[in-house]
Amino acid sequence: MTWVVATLVLICSLVGVVLTLVTLPGMWFMLLVAIIAKLVTPDIFGWWVVITAAVLVLLAEIAEMASSAVGAKAGGATKQGITGAFIGGILGAIIGTVFFMPIIGTIMGGVIGAAALAVVMERNGAQRTWKESGKAGAGAAAGRVAATFIKTGLAISLGLVLSIAAFWPASQSGEDALVPADQSGMIQAEEP
5 MTWVVATLVL ICSLVGVVLT LVTLPGMWFM LLVAIIAKLV TPDIFGWWVV
55 ITAAVLVLLA EIAEMASSAV GAKAGGATKQ GITGAFIGGI LGAIIGTVFF
105 MPIIGTIMGG VIGAAALAVV MERNGAQRTW KESGKAGAGA AAGRVAATFI
155 KTGLAISLGL VLSIAAFWPA SQSGEDALVP ADQSGMIQAE EP
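When you line the sequence shown up against this note's numbering, it's residues 5 to 196, in that order.
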(Lines of atoms letter the chains of each structure in order from A and count residues from 1; the text may use other names and numbers.)
(Lines give C-alpha, C1' and ligand atoms only; values in the text may rest on other atoms or scores of the structure.)
Protein backbone atom coordinates (compact mmCIF):
# COMPACT_ATOMS: atom_id res chain seq x y z
CA MET A 1 0.00 0.00 0.00
CA THR A 2 2.85 2.39 0.81
CA TRP A 3 4.34 2.00 -2.67
CA VAL A 4 0.97 2.73 -4.28
CA VAL A 5 0.52 5.88 -2.19
CA ALA A 6 4.13 6.93 -2.85
CA THR A 7 3.58 6.51 -6.59
CA LEU A 8 0.38 8.55 -6.38
CA VAL A 9 2.25 11.28 -4.49
CA LEU A 10 4.87 11.33 -7.27
CA ILE A 11 2.23 11.56 -10.02
CA CYS A 12 0.26 14.22 -8.14
CA SER A 13 3.47 16.20 -7.60
CA LEU A 14 4.10 16.24 -11.34
CA VAL A 15 0.50 17.34 -11.96
CA GLY A 16 0.89 20.02 -9.28
CA VAL A 17 3.98 21.46 -10.97
CA VAL A 18 2.15 21.67 -14.31
CA LEU A 19 -0.89 23.26 -12.64
CA THR A 20 1.38 25.84 -11.00
CA LEU A 21 3.06 26.61 -14.32
CA VAL A 22 -0.32 27.41 -15.85
CA THR A 23 -1.11 29.62 -12.83
CA LEU A 24 -3.61 27.25 -11.24
CA PRO A 25 -3.37 26.27 -7.53
CA GLY A 26 -0.97 23.37 -8.11
CA MET A 27 0.99 23.93 -4.91
CA TRP A 28 -2.21 23.89 -2.84
CA PHE A 29 -3.09 20.65 -4.64
CA MET A 30 0.28 19.15 -3.64
CA LEU A 31 -0.23 20.24 -0.02
CA LEU A 32 -3.65 18.58 0.00
CA VAL A 33 -2.12 15.41 -1.47
CA ALA A 34 0.57 15.43 1.26
CA ILE A 35 -2.04 15.75 4.02
CA ILE A 36 -4.23 12.99 2.56
CA ALA A 37 -1.23 10.69 2.01
CA LYS A 38 -0.11 11.20 5.62
CA LEU A 39 -3.61 10.49 6.96
CA VAL A 40 -4.20 7.43 4.74
CA THR A 41 -0.70 5.98 5.19
CA PRO A 42 0.76 7.42 8.41
CA ASP A 43 4.20 5.91 7.81
CA ILE A 44 4.57 7.38 4.29
CA PHE A 45 6.58 10.32 5.67
CA GLY A 46 6.85 12.41 8.79
CA TRP A 47 4.74 15.41 9.70
CA TRP A 48 7.78 17.59 9.02
CA VAL A 49 7.15 16.94 5.30
CA VAL A 50 3.60 18.27 5.56
CA ILE A 51 4.82 21.31 7.52
CA THR A 52 7.57 21.90 4.93
CA ALA A 53 4.94 21.69 2.18
CA ALA A 54 2.75 24.26 3.95
CA VAL A 55 5.69 26.63 4.41
CA LEU A 56 6.67 26.34 0.72
CA VAL A 57 3.08 27.02 -0.35
CA LEU A 58 2.90 30.14 1.81
CA LEU A 59 6.30 31.35 0.57
CA ALA A 60 5.17 30.85 -3.03
CA GLU A 61 1.97 32.83 -2.50
CA ILE A 62 3.86 35.68 -0.84
CA ALA A 63 6.51 35.65 -3.59
CA GLU A 64 3.88 35.71 -6.32
CA MET A 65 2.05 38.69 -4.85
CA ALA A 66 5.27 40.52 -4.06
CA SER A 67 6.79 39.96 -7.53
CA SER A 68 3.75 41.29 -9.33
CA ALA A 69 3.50 44.32 -7.07
CA VAL A 70 7.25 45.05 -7.10
CA GLY A 71 7.37 44.79 -10.90
CA ALA A 72 4.46 47.19 -11.32
CA LYS A 73 5.84 49.56 -8.69
CA ALA A 74 9.28 49.50 -10.33
CA GLY A 75 7.55 50.64 -13.50
CA GLY A 76 6.10 53.56 -11.58
CA ALA A 77 2.58 52.17 -11.12
CA THR A 78 0.13 53.65 -8.64
CA LYS A 79 -2.13 51.54 -6.40
CA GLN A 80 -4.67 51.39 -9.23
CA GLY A 81 -2.01 50.09 -11.62
CA ILE A 82 -0.78 47.50 -9.14
CA THR A 83 -4.36 46.29 -8.58
CA GLY A 84 -4.91 46.23 -12.34
CA ALA A 85 -1.72 44.21 -12.84
CA PHE A 86 -2.80 41.63 -10.27
CA ILE A 87 -6.35 41.23 -11.61
CA GLY A 88 -5.20 41.43 -15.24
CA GLY A 89 -2.63 38.71 -14.65
CA ILE A 90 -5.29 36.34 -13.34
CA LEU A 91 -7.86 37.17 -16.03
CA GLY A 92 -5.25 37.03 -18.77
CA ALA A 93 -4.05 33.63 -17.62
CA ILE A 94 -7.60 32.27 -17.67
CA ILE A 95 -8.34 33.73 -21.12
CA GLY A 96 -4.98 32.54 -22.45
CA THR A 97 -5.66 29.03 -21.21
CA VAL A 98 -9.14 28.86 -22.72
CA PHE A 99 -8.46 30.43 -26.12
CA PHE A 100 -4.83 29.50 -26.78
CA MET A 101 -2.46 26.63 -26.00
CA PRO A 102 -2.77 25.77 -22.29
CA ILE A 103 0.78 26.31 -21.06
CA ILE A 104 2.10 28.99 -23.42
CA GLY A 105 -1.30 30.68 -23.68
CA THR A 106 -1.60 30.78 -19.91
CA ILE A 107 1.80 32.34 -19.36
CA MET A 108 1.47 34.81 -22.23
CA GLY A 109 -2.11 35.64 -21.26
CA GLY A 110 -1.03 36.35 -17.69
CA VAL A 111 1.80 38.62 -18.82
CA ILE A 112 -0.29 40.48 -21.41
CA GLY A 113 -3.27 40.72 -19.06
CA ALA A 114 -1.13 42.16 -16.25
CA ALA A 115 0.40 44.74 -18.58
CA ALA A 116 -2.86 45.66 -20.31
CA LEU A 117 -4.98 46.14 -17.20
CA ALA A 118 -2.16 48.01 -15.47
CA VAL A 119 -2.04 50.42 -18.43
CA VAL A 120 -5.84 50.82 -18.43
CA MET A 121 -5.95 51.47 -14.69
CA GLU A 122 -3.03 53.90 -14.85
CA ARG A 123 -4.51 55.75 -17.82
CA ASN A 124 -8.13 55.91 -16.69
CA GLY A 125 -7.97 55.50 -12.92
CA ALA A 126 -4.85 57.47 -12.09
CA GLN A 127 -5.10 59.86 -15.10
CA ARG A 128 -1.49 59.26 -16.14
CA THR A 129 0.05 59.80 -19.57
CA TRP A 130 0.45 57.04 -22.13
CA LYS A 131 4.20 56.98 -21.50
CA GLU A 132 3.78 56.64 -17.72
CA SER A 133 1.03 54.05 -18.17
CA GLY A 134 3.14 52.06 -20.64
CA LYS A 135 6.10 52.04 -18.26
CA ALA A 136 3.85 50.78 -15.45
CA GLY A 137 2.45 48.10 -17.78
CA ALA A 138 5.95 46.94 -18.74
CA GLY A 139 6.89 46.70 -15.08
CA ALA A 140 3.72 44.72 -14.37
CA ALA A 141 4.52 42.31 -17.21
CA ALA A 142 8.08 41.80 -15.95
CA GLY A 143 6.76 41.21 -12.43
CA ARG A 144 4.28 38.64 -13.72
CA VAL A 145 7.02 36.75 -15.58
CA ALA A 146 9.20 36.76 -12.46
CA ALA A 147 6.27 35.60 -10.32
CA THR A 148 5.56 32.69 -12.67
CA PHE A 149 9.18 31.50 -12.63
CA ILE A 150 9.57 31.92 -8.86
CA LYS A 151 6.36 30.05 -8.08
CA THR A 152 7.12 27.27 -10.57
CA GLY A 153 10.59 26.86 -9.05
CA LEU A 154 9.07 26.54 -5.59
CA ALA A 155 6.52 24.05 -6.97
CA ILE A 156 9.34 21.92 -8.38
CA SER A 157 11.07 22.07 -4.98
CA LEU A 158 7.86 21.00 -3.25
CA GLY A 159 7.33 18.18 -5.74
CA LEU A 160 10.86 16.91 -5.10
CA VAL A 161 10.44 17.09 -1.31
CA LEU A 162 7.16 15.14 -1.45
CA SER A 163 8.38 12.56 -3.96
CA ILE A 164 11.67 11.85 -2.20
CA ALA A 165 9.99 11.72 1.21
CA ALA A 166 7.28 9.37 -0.07
CA PHE A 167 9.85 6.85 -1.28
CA TRP A 168 12.14 7.33 1.74
CA PRO A 169 10.22 5.77 4.65
CA ALA A 170 9.95 7.77 7.86
CA SER A 171 11.32 4.78 9.76
CA GLN A 172 14.66 5.19 7.96
CA SER A 173 14.86 8.89 8.76
CA GLY A 174 14.62 8.25 12.48
CA GLU A 175 11.10 9.57 12.97
CA ASP A 176 8.58 7.05 14.29
CA ALA A 177 11.40 4.51 14.62
CA LEU A 178 12.27 5.04 18.25
CA VAL A 179 10.60 1.82 19.39
CA PRO A 180 10.81 -1.22 17.09
CA ALA A 181 7.67 -3.19 16.25
CA ASP A 182 7.36 -6.86 15.40
CA GLN A 183 5.55 -8.22 12.30
CA SER A 184 2.14 -7.93 13.97
CA GLY A 185 2.68 -4.24 14.67
CA MET A 186 2.99 -4.76 18.43
CA ILE A 187 5.63 -2.71 20.17
CA GLN A 188 8.46 -4.79 21.57
CA ALA A 189 10.44 -4.03 24.66
CA GLU A 190 14.10 -3.49 23.89
CA GLU A 191 16.48 -6.02 25.36
CA PRO A 192 19.21 -4.79 27.71
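The beta-carbon is built from N, C-alpha and C at its ideal position, and this holds for glycine as well.
Cβ separation of residue i and residue j, assumed to be a contact under 8 angstroms, to the nearest whole Å
{"i": "Q80", "j": "E136", "result": "It should be pointed out that residue 80 corresponds to Gly in this sequence rather than to Gln. G80 to E136, Cβ: 6 angstroms. Contact."}
{"i": "A159", "j": "M31", "result": "5 angstroms"}
{"i": "V13", "j": "V44", "result": "Not really, about 10 angstroms apart at Cβ, beyond 8 angstroms."}
{"i": "L164", "j": "A57", "result": "Not really, about 11 angstroms apart at Cβ, beyond 8 angstroms."}
{"i": "G113", "j": "G129", "result": "Rounded, the Cβ-Cβ distance is 22 angstroms, inconsistent with contact."}
Alpha helix (DSSP H) segment containing residue i, residue limits
{"i": "T82", "result": "Careful: T82 lies outside any alpha helix (DSSP H) and carries neither H nor E."}
{"i": "M112", "result": "106-124"}
{"i": "W7", "result": "6-25"}
{"i": "L162", "result": "134-171"}
{"i": "A41", "result": "30-44"}
Chain B contact for residue i (CB, 8 angstroms cutoff)
{"i": "L25", "result": "Going by chain labels, chain B is absent from the structure shown, which holds only one protein chain."}
Own chain, CB closer than 6 angstroms to residue i, minus 5 neighbours either side, in chain order
{"i": "G85", "result": "A76, A122, M125, E126, A140"}
{"i": "L60", "result": "L158, L162"}
{"i": "A89", "result": "S72, A76, A118, A122, A144"}
{"i": "A64", "result": "M31, K155, L158"}
{"i": "V53", "result": "A169"}
{"i": "I98", "result": "none"}
CA nearest to the CA of residue i, picked from the options
{"i": "L95", "options": "A78, V115, M105", "result": "V115"}
{"i": "W51", "options": "L35, F104, E65", "result": "L35"}
{"i": "A151", "options": "E68, G92, P29", "result": "E68"}
{"i": "R132", "options": "T82, I39, C16", "result": "T82"}
{"i": "A146", "options": "I55, F33, V102, A78", "result": "A78"}
{"i": "I55", "options": "A70, I39, I66", "result": "I39"}
{"i": "W7", "options": "W134, P46, F33", "result": "P46"}
{"i": "V149", "options": "W134, T87, A70, G138", "result": "A70"}
Other residues of its chain near residue i: CB distance less than 7 angstroms, five sequence neighbours each side excluded
{"i": "I1", "result": "Shown here, the chain extends from 5 to 196; a query on residue 1 therefore has no answer."}
{"i": "A10", "result": "I48, A170, F171"}
{"i": "L18", "result": "G163"}
{"i": "I91", "result": "L121"}
{"i": "A142", "result": "G79, A119"}
Other residues of its chain near residue i: CB distance less than 8 angstroms, five sequence neighbours each side excluded
{"i": "P29", "result": "L23"}
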